[in-house]
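Novice: Okay, so the sequence shown: first residue is 0 according to numbering that gives the first Met the number 0, each after it adds one.
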Amino acid sequence: MFSRRAPLYYLALFLVVAGARLWAVAEYGSSVPIRDQWDYEGAAVFKPWLDGTLSISDLFRPHNEHRLAFSRLTGLLLLWLNGQWDSRVEMVVGAVLCGVFAVVMTAAMIRLFGPAFRTLIVEGVALWLVLPYAQENTIMALGLPYYFLLIFSVIAIWGLALHDTYSAAWGAGAVSLVLACLDMGSGFFAALVVIGVKALQLIRRRTSFPGALPVVIVCAAVIVASFYLRTIVAHHNDTKATSIGNWLYVFGRCLAWPFCDIPLLAVVMYLPMVLVVFWYLQRPRSDFPGPACRQAEALIAIGAWAVLQAAAIAYTRGASVIPIPVSRYMDWLALGALGNLFAGAFLVTQMPIDGRMRRIGALLFTYWAAALAIGAVLLSHREVAPLVPRGGELYAHEQTVRAYVATGEHSHLTVNPAAVPYPVADRLASLLDDEAIRNILPAEVRAPLQIEAEEASASTFIRDGYPPSVPNPAYERTWGSYSEGGEAATGILRSTATTTAFPYLQFEVAGRLQTRMSLNVRDENTGKQHRLRPERAGKEWRLATLTVPGQTFRIVAKDENSASWFAFREPRELGRLSRYAAQFARSGPILALIGLGLWLTIIVLERLGAAASPTGAAPQRGVSPPP
């Protein structure tokens with residue numbers, strides 16, 4: 000039954016995960032680069048590429064403790080395709096990547112544990128990647144490196160630790176291990192985990208030394224190379240743990256996820272994993288090899304990777320003034336909780352079916368799983384509560400950068416440090432002053448195309464032609480039909496010919512485009528016109544996007560209605576991927592609801608099919624699911 004409907008299950012899972020993350024991007028994301036992006040993308044790669052001086056070494060240039068090579072390549076590819084440096088495009092890529100990863104990991108886990116664990120695996124992976132506790136990774140393009148480390152590490156462990164040497168999966172694992180190390184400083188942790196699993200297999204005689212040797216050589220080479228190429232960041236010494244006690248406290252907070260405020264709960268949250276290790280080590284050798292042993296090895300590997308990440312976070316950020324773990328680390332730490340969830344279910348299935356211990360174990364596991372789910376939901380609420388849709392910190396970043404680009408006044412970068420997307424104002428100013436960087440800024444903050452009137456009625460469509468009650472920064476160039484005669488004025492504006500290399504223009508319009516009023520973009524060569532139709536009207540400025548009919552165009556604005564007015568800010572150019580990313584992100588809620596509906600439909604159909612069967616549901620092979 001499942002194999003026949005598996006594609007629909009996976010489609011539903013993809014839609015739910017990707018849709019939920021796209022929803023967050025649409026509500027809270029911004030196209031403006033933030034924090035380290037200005038350095039590891041803008042200054043290190045994009046600027047040299049635009050100047051024609053980019054070299055291979057630039058892609059591998061250290062940024063803090065990391066190399067970020069794969070993340071830089073991804074950003075460079077998106078810039079080349081889009082023509083603009085748009086963080087929202089990277090966020091959308093991250094959302095889709097998480098949806099694909101959810102499907103791949105779920106399929107691999109079901110194949111490993113059998114269809115009896117299908118529901119637990121699907122629901123566990125979905126909650127892991129849907130809940131917004133790691134909102135920083137979702138609504139900031141800085142999350143891409145964290146996703147890449149997670150994905151490459153899981154593939155590396157799956158391929159190298161659980162598959163035969165030189166198989167296709169083994170090769171994929173080896174490549175992923177290298178890619179993980181080329182992106183993040185902790186990429187080699189996957190190699191440590193693989194060596195640990197191979198050591199367990201040797202102890203339990205699940206593999207031979209000649210069989211394990213190639214894996215150990217590959218992993219050892221990666222570890223040695225990682226240490227040789229590591230970078231020391233002097234200014235990060237202040238954030239390192241100051242004592243063993245400090246390290247243990249933060250380490251406990253990380254392992255106690257989602258109950259990070261109670262470090263002692265780390266013992267409870269990792270108890271299932273500890274019991275799996277004990278189960279594995281005390282099994283009689285007659286049980287090896289066996290599917291349960293391979294399942295235990297996978298669970299131990301997941302837990303070990305999360306523990307290593309927690310240990311590194313506690314060491315490198317133990318003295319941080321910000322409570323650790325912060326949001327961007329939580330996708331990693333939550334993987335450890337997911338591994339413990341599967342470990343608890345696994346332990347229940349290893350108990351005698353009719354035994355009292357199984358009933359007690361199932362009850363305890365149910366309470367533990369319920370506490371995990373409730374804790375994850377509460378943590379998600381705490382992380383999302385301070386965010387403001389299309390407002391707050393990220394929106395303030397847009398306004399600050401837009402003001403500086405328009406005026407060049409340094410005061411815009413120093414009045415309110417929280418509204419600046421980079422911690423050093425002078426450094427940000429130098430990047431924004433660079434012509435190459437300015438030319439690739441996203442539409443929300445780039446300099447607008449300056450419009451000059453070739454023909455305009457003397458009393459209509461003047462500069463700043465809008466009522467005094469309409470808010471508008473002094474640096475914004477606007478044209479409007481509200482003039483000395485108020486909204487009664489009528490007339491026409493034809494601009495001089497303007498050229499663009501981008502396919503879209505982004506206008507901001509105030510007022511109402513009613514009958515006998517229009518705002519058009521006309522192709523200079525063919526005369527073809529595209530009409531602007533804002534989604535909403537009012538005194539506030541509303542975004543509206545228009546396709547450019549040709550590279551050379553004119554703006555034609557008409558107001559022949561004496562009972563109304565409208566005004567528009569000079570348009571900004573918009574890249575194709577930027578347009579598609581914004582539209583795709585806005586479809587997030589619909590995609591998530593479609594996925595959820597599809598999921599529920601499949602479940603109902605399966606229940607109806609089982610009820611109609613003379614013998615009930617068909618028995619499933621594999622370990623029995625927890626009751």
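Beta carbons: idealized from backbone N, C-alpha and C, even for Gly. Bear in mind the structure is a predicted one, so any value in this text is a computation, not a measurement.
With three or more C-beta pairs closer than 8 Å as the rule, is the stretch 122-133 touching the stretch 157-173?
Specialist: no
Novice: Pull up the DSSP beta-bridge partners for Trp478, would you.
Specialist: Partner(s): Arg462, Phe567.
Novice: If you measure between the beta carbons of Leu592 and Val547, is that distance less than 8 Å?
Specialist: no
Novice: Could you tell me the distance, in whole angstroms, from the CA atom of Thr630 to the CA atom of Ala17?
Specialist: Residue 630 lies beyond the residue range present for the chain, which begins at 0 and ends at 626; the question has no answer from this structure.
Novice: Please name the residue or residues paired with Arg110 in a DSSP beta bridge.
Specialist: BP columns for Arg110 are empty, so no partner.
Novice: Secondary structure at Pro624, three-state DSSP: helix, strand or coil?
Specialist: The predicted model places Pro624 with a pLDDT of 44, which falls under 50 and marks its position as unreliable, so this point remains unresolved.
Novice: Look up Asn637 in the DSSP assignment and say whether it is helix, strand or coil.
Specialist: This structure does not reach residue 637, given that the chain is present from 0 up to 626, and the question cannot be answered.
Novice: As an exercise, report each continuous alpha helix (DSSP H) stretch of at least 4 residues that is fully enclosed by the stretch 2-76, in chain order.
Specialist: Fully enclosed alpha helix (DSSP H) runs of 4 or longer: 46-50, 55-58.
Novice: Following the continuous alpha helix (DSSP H) through Leu599, name the residue where it begins and the one where it ends.
Specialist: 587-611
Novice: How far does the alpha helix (DSSP H) with Tyr269 in it extend, from its first residue to its last?
Specialist: Taken as a continuous stretch (DSSP letters only), Tyr269 belongs to no alpha helix (DSSP H), as it is neither H nor E.
Novice: Leaving out five residues before and five after Gly158 in sequence, what residues of the same chain have Cβ atoms less than 6 Å from its Cβ?
Specialist: Excluding the 5 residues flanking it on each side, Gly158 has same chain C-beta neighbours closer than 6 Å at Ala168, Trp169, Ala171, Gly172, in chain order.
Novice: Are Asn519 and Thr551 close, meaning C-beta to C-beta below 8 Å?
Specialist: Contact: no.
Novice: Tell me whether Val266 is buried or exposed, calling it buried when 16 or more other Cβ atoms sit within 10 Å of its Cβ.
Specialist: exposed
Novice: Suppose the cutoff is 8 Å on Cβ atoms and the five residues either side in sequence are ignored; what does the same chain contact list for Tyr394 look like?
Specialist: Ser29, Val387
Novice: Identify the residues that DSSP records as bridge partners of Phe506: which are they?
Specialist: Ala543
Novice: Leaving aside the five residues before and after Ala496 along the sequence, list all residues of the same chain whose C-beta is less than 6 Å from its C-beta, in chain order.
Specialist: Glu523, Thr551, Arg553
Novice: If you measure between the beta carbons of Ala313 and Trp367, is that distance less than 8 Å?
Specialist: no
Novice: Hey, which unbroken runs of the alpha helix (DSSP H) at 4 residues or more fall wholly within the stretch 386-450?
Specialist: 391-406, 424-432, 434-438
Novice: If you draw a straight line from the C-alpha of Ala297 to the C-alpha of Tyr269, how long is it?
Specialist: 15 Å
Novice: Nearest-angstrom Cα distance between Ala610 and Ala106?
Specialist: If I take the Cα positions, the gap works out to 26 Å.
Novice: Anyone know if the C-beta pair for Gln83 and Gly574 falls short of 8 Å?
Specialist: Annotated as proximal: Gln83 and Gly574, with beta-carbon spacing under 8 Å.
Novice: Where does Pro290 land, buried or exposed, given buried means 16+ other C-beta within 10 angstroms?
Specialist: exposed
Novice: Is it buried or exposed for Ala336, if we count other Cβ within 10 angstroms and need 16 for buried?
Specialist: By the neighbour-count rule (16 or more Cβ atoms within 10 Å), Ala336 is buried.
Novice: Give the secondary structure of His529 by DSSP, where H, G and I count as helix, E and B as strand, and everything else as coil.
Specialist: strand
Novice: Select from Thr238, Ser185, Cys218 the residue whose C-alpha is nearest the C-alpha of Gly195.
Specialist: Cys218
Novice: Where does Ala344 land, buried or exposed, given buried means 16+ other C-beta within 10 angstroms?
Specialist: buried
Novice: Can you tell me whether Leu599 is buried or exposed, with buried defined as 16 or more other CB within 10 angstroms of its CB?
Specialist: Burial call: exposed.
Novice: Based on Cα-Cα distance, which residue from Ser563, Trp127, Gln582 lies nearest to Leu542?
Specialist: Gln582
Novice: Which stretch, first to last residue, makes up the alpha helix (DSSP H) that contains Ala556?
Specialist: First-last for Ala556: 551-558, but that is the beta strand (DSSP E), not the alpha helix (DSSP H).
Novice: Report the residue from Phe565, Val95, Met108 whose alpha carbon sits nearest the alpha carbon of Ala342.
Specialist: Met108
Novice: Please go through the same chain and pick out, in chain order, the residues whose beta-carbon is closer than 7 Å to the beta-carbon of His529, but skip the five residues on each side of it.
Specialist: Asn519, Val520, Leu545, Thr546, Pro548
Novice: Pro447 and Arg476 look like a contact to me (Cβ under 8 Å); what is the Cβ gap, rounded to whole Å?
Specialist: 7 Å
Novice: Could you compute how far the alpha carbon of Cys683 sits from the alpha carbon of Ile301?
Specialist: The chain is shown only over 0 to 626; residue 683 falls outside these bounds and no answer can be derived.
Novice: Can you say whether Trp37 is buried or exposed, counting buried as having 16 or more other CB atoms within 10 angstroms of its CB?
Specialist: When all chains shown are included, Trp37 counts as buried.
Novice: Taking just the CA atoms, how far does Leu346 sit from Ile323?
Specialist: 31 Å
Novice: Are there three or more Cβ pairs, one per stretch, closer than 8 Å when the stretch 1-12 is compared with the stretch 404-413?
Specialist: no
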